[in-house]
Every structure is written in C-alpha cells, then in structure tokens.
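Chains as they are written, first to last, in the working numbering: chain A, 152 to 434; chain B, 4 to 362; chain C, 124 to 392.
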Amino acid sequence: MSQTQGGNSKAWWLLSPGVGLYILTFFIPLAMLLVLSFAKFENSVTTIGFFFDNYVKIMTDGITLTIFYRTVQLALMITVSCLVLGYPVAVLMRRSGPRARLWLLFFIVSPLLTSIIVRNVAWVLILGRSGIINDTLIDWGWISTPLPLMYNTFGVVLAVVHVYLSFMVLPLFGALIAIDSSIEEAASSLGASPLRVFLTVTLPLSLPGVTAGCTLVFILSMGIYLTPVIMGGNFVLTLPMLITDSVRNLYNWPVASAMALMLLAAIGAMVLLSARVQKMVGG
Amino acid sequence: MTDKGNFSSKLSRRTVLKSAAGAGAALATPYFFVKAHAASDPKVVRMYNYDGTLGEFYDKHWYEPFAEKFDVKMDFIRLKGSRAPLEKIQAQIANGQPETDVFPLHPDQLIFARRNKIAMEIPRSAIPEYENIYDEFITEFGPCLVLWSYGLAYNTELVDPAPTSWKALWDPKYAGKVALNEGLKDQTLQMVNLAFKGSPYPVDEETFKHLSDIRPHLVALWSSGADAEQLFRNGEIVMSPFWNGRVTKLKSEGLPLAFAVPDEGFFVRHSVYGVPLNAANPEMGIEWINFVCGEERQKRMVEFGYGTPNKLVEHTPEQAKAVIVADPEVVKKAVPEDFTKILDNSAAWTDMWNKWKSS
Amino acid sequence: MREGYGSPWPHRALVVFSLLVIFFLVAPLAILVIQSFTNESYLSFPPPSFGFRWYREVFTSSDWRDAVGLSVLIAILVTPLSLILGTLAAFGLDRGPMRGRQSLYAVMISPMVLPHIVLGLGIFRIALQLNIEDTLLAFVPAHLTITVPFVVISVGASLQTFNVTLEEAAMSLGASRWRAVWHITLPVIRPGLIAGAIFSFIISFDEFIITFFLATYEQTLPLEMFSTLMFQVKPSIAAISTLTLAVTAALTAMLMFRGQILGGGRIVK
C-alpha cells in the first residue's frame, strides 16, 4: 500500500460518483443533443434520423452565422475591455502591501460571488429608461424623454464586464505574482527605464496569465444569455438567445441542438488555440 | 496542533456530519422530489394561469367558482408569457403525463398540436354548452374562447386626429414616440403588409423595407403586454399596435388611451381550450371547459373586456365597444389569418426578422 | 520594495486607474443598496425618504418567500453533495497514478468551460425524457454539475500542500486508512473544503439558465427576479437584490479574510 509518486490506480474509483453524475447530466445529454441535431424538423414534426438539414440551415440561412459572428465580436469586445481594465489593477495588486492587496482582492473577487442578475438589476436602475441618469436629466429639464443608455451593445458589454472582470484579474494577478522581481530590478539597475522594464520583462512574463484570463472571459462571454436579454433591449442578439428562441417559440429542438453544438465547437476551438498560445508564451 | 485547534476541527466535523445527515433526511423525503403539481387525485384539476390582471380574472371568475361547484382543488402553473410551453408539454406527453389537465392553444399552436397529436379529441356530445356556441368557434379539440383583437392603441391627448390607418405609426410627427411588438411578431409582419399591401401576405423583402423605414422612429420592440403597458404609462410612447384587453384595463385606470380599428383591417385571435393527451384528469378538464363555455362565465369575460363566441351573452353598448368583436360593423373589418402559413413560416419569418434586427 | 518601480507618477496613475475600476465595480451595487431603502413607490436617486417599506413587502410576499425557500433548499442539498463528490474526486486524482491524471482532471472540471446554455438544453432534454423536470431530482444534479468542478479545484489545491507521509505515519501507528484521512488529512484540507462549500452554495443559489429551462411550476429566486424585472422595475427588486448581496458579501468576506483565497490557511505542521 505504498503511496509513492506512481500512485494507486484503485484511487480512481473515488472519481466514480462524480463521473457517474457527469454521465447523467453531461455526457448523455450532450449525446442526445448530438442525435437531435441530425434529426429533421418538418411540418412541425421531428423525425429522428441522419439528416444534415439543420447544419445546412445554419450555414445557409444568412442569419445564424451572422449572429454567431456577432456573438464572437461581443465576446471579443468584452474580453479586451476586461483586459484593459483588469491589467493595471492586477499590477497594482502585485505592488501593494498585504493589507491593501487583500482589500483590492476583496473588491475584485466579490463579483465572482455576487448574483449576476443582481448586478444587472443595479445597471438597470442606473441606465434604464426610468433609471437614475434618465430621471435626473428629466428632472433638470435637460431632456424630455429618456435616453436609450443601455438598450444596445454598449449596455451589454458594460454589464458583462462588470461580472467577468474578476475572471480576468485573478489569472493576471497569479501570473504577475509569480514573476521574480529580482529580474526587473536587475533590468532597472542596468539602466532600463520603468516603461522599458515593463515592456521587455514584466509584460512578456505575464503573458501566460493574459492568455488564461482572456480564454476564460471569452468562453464565458460566448454563452451569455441573461445579460443581453436584460440589458440589450431587443436589438442585441446572441447565439444563446437564438437557441432558447428555437426551443421555446419554434419548438424546433433539432435546430437548437445543432446551434448548441456549433457553440460548443467554437469554444472547443478556442480552448485548443489557447493551449497552443499558452505553450508558445509559457515555453 | 493545539488543543483548541483540535476542538474546533472536531466541532466542525460534527457540524459537517449533522448537515450531511440533514441532507440525507431531505433526500429520503420523497415529497421534495415528486412534481408538486403531479396528481392523480380526481379532486385536483391542474391549469395554466397568466400573470397580472388576466390571471386574477381567471382565478376569480373561471377557477374559483368551478372549484366550488364541483368541490375540487385547482392547481396552477403560471405561464411565462402568454403561450403554453408546447416544447415541454409534447415531451411530457411522450414520456408520461402532461403537467396540466387543460391547456390554452393559440391558433397556430392548435395546428402544431394537431400535427403532433398532443391534444385529445373532444366529441361535441361531451360539451353540452356547445349548443350556445357559434359553430365556427368549435374545433375537434375544444372551443375557441377569449376573443381578442389586435389594433392600434393611442394616447387620446397626444395623438390628434385619432388614427384611422396603420400608417399613422409611420407618421414623422410621432417619430420617437411609437413602438412595435416583437412578442407575436407574425402579427407585426402581417400588420405592415395590411398597411402597405392591403393583404397580410406575403411577408417579403418589401415588408421589411417598410419596417426599416419605421425603425428610427421606434422607442422599443416590446415583447410582452406588460412591457408595452409600461411604455404607455411612462409616456414614452403615444401609439403602438396593441391588444384590446390591455387597453380596456389601462383606460379603466384613468390612462388617456383608446383602441382604434384601422381601415385596412385588424386581426382577431382566440385561444382554443383543449385537453392534452394523457392528462391525469381529463374528465374534470372537459367538465371545466364546458363550465366556462356557459353564459355566466362568458358574461364575466365580456365584462373584463374580451369577446365571446356564446350566442346568449348580451352586450351593453359600452361592452360592445370594448370587446370590439360584438359590433357587426367592426367585425367586417377583421382580416382572416392563415395560421397554417403562420406556423409553417415561423422559422423563416424569425430568420428574416433577426436579419432585419441585426442589419 | 516599491521604489524599485521607478518614479511615483506612473504609480499614482496606476492607483487612480485602479480606484476608478473599483468604483465601477462597487458604485452600482452601492446605489442598489441605497435605493432599496426608499419609502416611495417608485425608484429615484437619491430616494426622497428612507424606510423598510420594500423589505416588508418582500418578506410578506409569498412569491418571494417561496422563491427564496426553494433556492435555499436546493443550495442546501447541493452543497454537501457537491463537497462529497468533489472531494472524493480530488482525492482520487491526487492519489491515483500520474498517467492519465491530467486528462481525468480535465474531465472533472470540463463543465466549467461548457456554456451553461448548452448544459441547460441537454439537461432539460434528459429531464423531460425521465419526466423529472420541475423537480429537485432535476435541479440538484443539474446544479451539482456546475458546482463539483469548483470543489475539485479548491480541495485539489489544498491537497497539493498536504504531505502524504503524515497520513502514512498515522497508519503505521495503527490507524486505519479512513481514520488517518479523517483525523489527519481532512483538517489540513479544511480551507479547501470551506472554499468549495461557499462556492457551491453561491453558484447554486445564483444559477439561472439551466433552472430557467427546467422550471415552470417552481420558481427559484433568480427566476422570480428575472420575471419581476421583465414585468416592472419596482423597488422590491432592489430590496431582494440587497438581501442576496448581503448574504453573498458576508460569505465572500468570510472566505477572503480567513485567507482561503490568498493562498492562506496554511497549517502549521
């Protein structure tokens, strides 16, 4: 019964309850979606079989792909915004003393643990038609009808960044804190300006964190449903919204399944890409 | 480790054990794990209900009196929106029991139900009250009730003169003060066609060209009646296509609103009340349908502002105006809709709609 | 240490920028909290008068009570189960052979990268097939799927700091394996367990889209908030949000200041 590096393969039995759960709630459901995505939905009736109709429809209807690109675009905007806002904070966290760092961390991490819908509610109360900003402006007589402050892509990006910023800062901070500060000190003692030190030492060494954070935020953003529905008025469409609409209003499970698998494929590609990049910057 | 540390870790272990035991006990309680509304009790009738005042109406006038008369309990599932969730009901029927004993079907849903065989055929003899229902409102699955109209709601103080055409929505005078409905967008598309082509079909490029024309004027695309209500209340819009029931309700609350039936025509829809296949308690479901078809229940519905197919119900002039469909002159303007076309084109129209939205 | 980063000017800019970011994160929530104490029937800022009117409304409304009750019930069932499944898996990964560990780890945390909409659609489908949608039999496993990975990660991290020889020492002194794990290992990985429990509770409590598919008759708190929000923005939504916020903020603070996230919780060996 030695517990050496090699380990005991019997220990893997401990995984069985978890794997059992996943089989029921994850693998079988995905398999069902896969089967459904090849079914045919004709005259309101679903026929199980091996048809490519749904995939052909997605590729050729001229709108699903557009919305897919829009979703990717939105996810990219969110990712970049998170990076721009999060990187300086992560740098400051690294430089701060333990106490300040703890406070910074508290404010950054708390969103992770705060209900997304609560955060969206907060934005609605501020930017909504009868939110604070509009109410105040109307009270002051500057405007007579509410401004559309949030029912657009901007509102969605804002609210999602608010929620996902922490997912960016944590990996960034992890990568930054791992950098040996003596390397930076050496560079700076050799006469490099702070900017040069940052650009040539700190930034490159933090790239694994950048990759990890961006991947995480991008993947999360690809699946957003709630925030665009609440914040986007009716003109911001994402693939998850199309999926929900197909099931709930068109009763078309096959095409919804095909779209879900398309989303999954995109995310899989992103994970693979990120692993490659990670190897490049980390190696 | 100090003694204290040991103590506290023991304590927490005990707490962990306790909460695990609690969870176990909860797990062992089957009550939590059966559907709260799943009942094979013949004394329980399960229904859908709506949010807001329509829901209150059903409660008070269509459910409670029935429960009292037949000594049964009515159990509700609140609908999200106005449509029964057929994607769920269909699977429930295939794998066991639907969640209710009666379901309301929009006309296009009726065709879906027919094709997928998810509603029970109810012979005419099963519903004695059919005697007083106009023939064209009886289907093989149940009666068409709750007649409502889709016309033009407008603010009587701010829209002058009163609109007589759908085209009033496109009037630059009201730019930034109008809205269209996205909930039931097929109505919107047909409305645009009525306004510019005189007939609800076909939905094509031209339809969307007119939508694009009005787009800069739009405050919102509202998705539920409650949304639109809010827009009117806040004074953000002065005109929108709307459903007559809500207008009646808002008027009664003192809002300066009116419902116009445009010259190009308007739409009248209804809900078919049917019994889903494999329902737990179909006898009581049918009994309820018969009950609400009766004159008394239909009268209440008319008082609330919706039309009735019951021949016996008489309208006061006021009611006739509110329910729209009681006035033969107005009924002439009702444009028949092709619900098979609507159902079969819903995917294509949704695609076109989304394309338009994201253009 | 700070002098190593050059002139104070860029540093000051960094501080100001970070404070602005934190303001961006915190201000909306602060406004939400303030608005929840309005005494008016509508939302305005700052509220003309303060009071507990909307809290009373939330506490007396059966809709809100039922929704909170169901959400708490689900979270209470999910948390211990999630800890058990996640901890077992973390142990298995830690003690199992090196070969294949990476891929098994990836499998165990894979639900994290799966968009919840896809998971929700799939679980909805199988729940319909098994005729269990709208029941705890569907809600609990569905929530477990997204909480277990967090326990695997947090307990796994704690286990890495643990020296297995301690357990072996106990066993060589005659303790059974279970006894050794119970008395030696569990106390050491307690920080990971606590973090995992808090994550599980909050994630389950906050879960929206999967439950959105599964539930019609039953309403969890996020679903009730969503439909209220779609219907009308009333101060009651601010009140219920503030209550949720208070609970989660307390849990977060507990987690943070006990050092569970900062790599703290080091046990003196």
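Backbone N, C-alpha and C fix where the C-beta goes; we use that ideal spot for every residue, glycine too. Because the structure is a prediction, the values reported are computed rather than measured.
Asked	Found
Excluding the 5 residues flanking D186/C on each side, which residues of the same chain have their C-beta closer than 7 angstroms to its C-beta?	E347
Just curious, the beta strand (DSSP E) that A223/B is in, first and last residue?	221–225
Using a Cβ cut-off of 9 angstroms, pull out every chain B residue sitting near F354/C, in sequence order please.	D54, G55, S227, A229, D230, Q233
Alpha carbon to alpha carbon, how far is P171/C from Y302/A?	27 angstroms
Residues of chain A with a CB under 7 angstroms from the CB of H239/C: which are they?	G374
So who's on the other strand from F269/B, going by DSSP bridges?	A337/B
Rounded to whole angstroms, what's the CA-CA distance from I283/A to A136/C? Just pull it up for me.	29 angstroms
Which residues in the same chain as A407/A place their Cβ atom closer than 7 angstroms to its Cβ, once the five residues preceding and following it in sequence are excluded?	I394, S397, V398
List, in order along the chain, the chain A residues whose C-beta lies closer than 9 angstroms to that of P203/C?	Under the 9 angstroms cutoff, chain A gives no residues; its nearest Cβ is about 13 angstroms from P203/C.
By the criterion of Cβ-Cβ separation under 8 angstroms, what are the contact partners of L296/C in chain B?	The contacting residues do not exist; L296/C stays about 16 angstroms from chain B at best.
Which residues of chain B have a Cβ atom closer than 9 angstroms to the Cβ of N303/A, listed in chain order?	In chain order: nothing, as chain B lies at least about 12 angstroms away.
So, at 7 angstroms on beta carbons, what are the nonlocal neighbours of E267/B in its own chain, with the 5 sequence-adjacent residues on each side left out?	S168, W169, L197, A198, G201
State the DSSP-derived secondary structure class of T103/B, mapped to helix, strand or coil.	coil
What's the call for P331/B, buried or exposed, on a 16-neighbour Cβ count within 10 Å?	exposed
For W352/B, report the span of its alpha helix (DSSP H) as first-last.	342–360
Assuming I240/B contacts G145/B under a Cβ cut-off of 8 angstroms, what Cβ separation, rounded to an integer in Å, is found between them?	Contact doesn't hold; Cβ gap of about 36 angstroms is too wide.
By the criterion of Cβ-Cβ separation under 8 angstroms, what are the contact partners of P88/B in chain C?	T339
To which residues does DSSP link R81/B through a beta bridge?	N52/B
Residues of chain C with a CB under 9 angstroms from the CB of F95/B: which are they?	It should be pointed out that residue 95/B corresponds to Gln in this sequence rather than to Phe. Per Cβ cutoff of 9 angstroms: L251, N254, E256.
Does DSSP put S274/B in a helix, a strand or coil?	strand
Relative to the C-alpha of E124/B, which residue among I141/B, D111/B, L148/B, E132/B is closest?	I141/B
Pick from W291/A, P299/A, V186/A, I229/A: whose alpha carbon is nearest that of F369/A?	I229/A
Output needed for L368/C: all residues of its chain with C-beta closer than 8 angstroms, excluding positions within five of it in sequence on either side, in chain order.	L152, L155, V156
With 9 angstroms as the threshold, decide whether the Cβ of P262/A is near any Cβ in chain B.	no
Taking contact to mean at least 3 C-beta pairs separated by less than 8 angstroms, is the segment 279–286 of chain B in contact with the segment 249–268 of chain B?	no
Could you check whether the segment 328–340 of chain A touches the segment 198–212 of chain A, counting it as contact only if at least three pairs of C-beta atoms, one from each stretch, sit closer than 8 angstroms?	no
Between Y133/B and the rest of its own chain, which residues show a CB-CB distance below 8 angstroms, the 5 nearest in sequence each way excluded?	R127, I141, P146, C296
What do you get for Q190/B, buried or exposed, if any count of 16 or more other CB atoms within 10 angstroms of its CB means buried?	buried
DSSP puts A196/A in a beta bridge; with which residues?	Per the sequence shown, the amino acid found at residue 196/A is Val instead of Ala. In the DSSP output, where bridge partners are listed per residue, V196/A has E193/A.
Taking the beta strand (DSSP E) that S266/A falls in, what are its first and last residues?	S266/A -> no beta strand (DSSP E), and no H or E assigned at all.
So, does the CB of F386/A fall closer than 9 angstroms to a CB anywhere in chain B?	yes
Around the Cβ of I294/A, are there at least 16 other Cβ atoms within 10 angstroms (buried) or fewer (exposed)?	exposed
If I'm right that Y53/B touches L82/B with Cβ under 8 angstroms, what's the distance once you round it to whole angstroms?	6 angstroms
Using 9 angstroms as the limit for Cβ to Cβ distance, is D431/C near chain A?	The requested residue 431/C is not part of the displayed model; chain C covers only 124 to 392.
The segment 96–127 of chain B: which residues have C-beta closer than 9 angstroms to a C-beta of chain C, in chain order?	A97, N98, G99, Q100, E102
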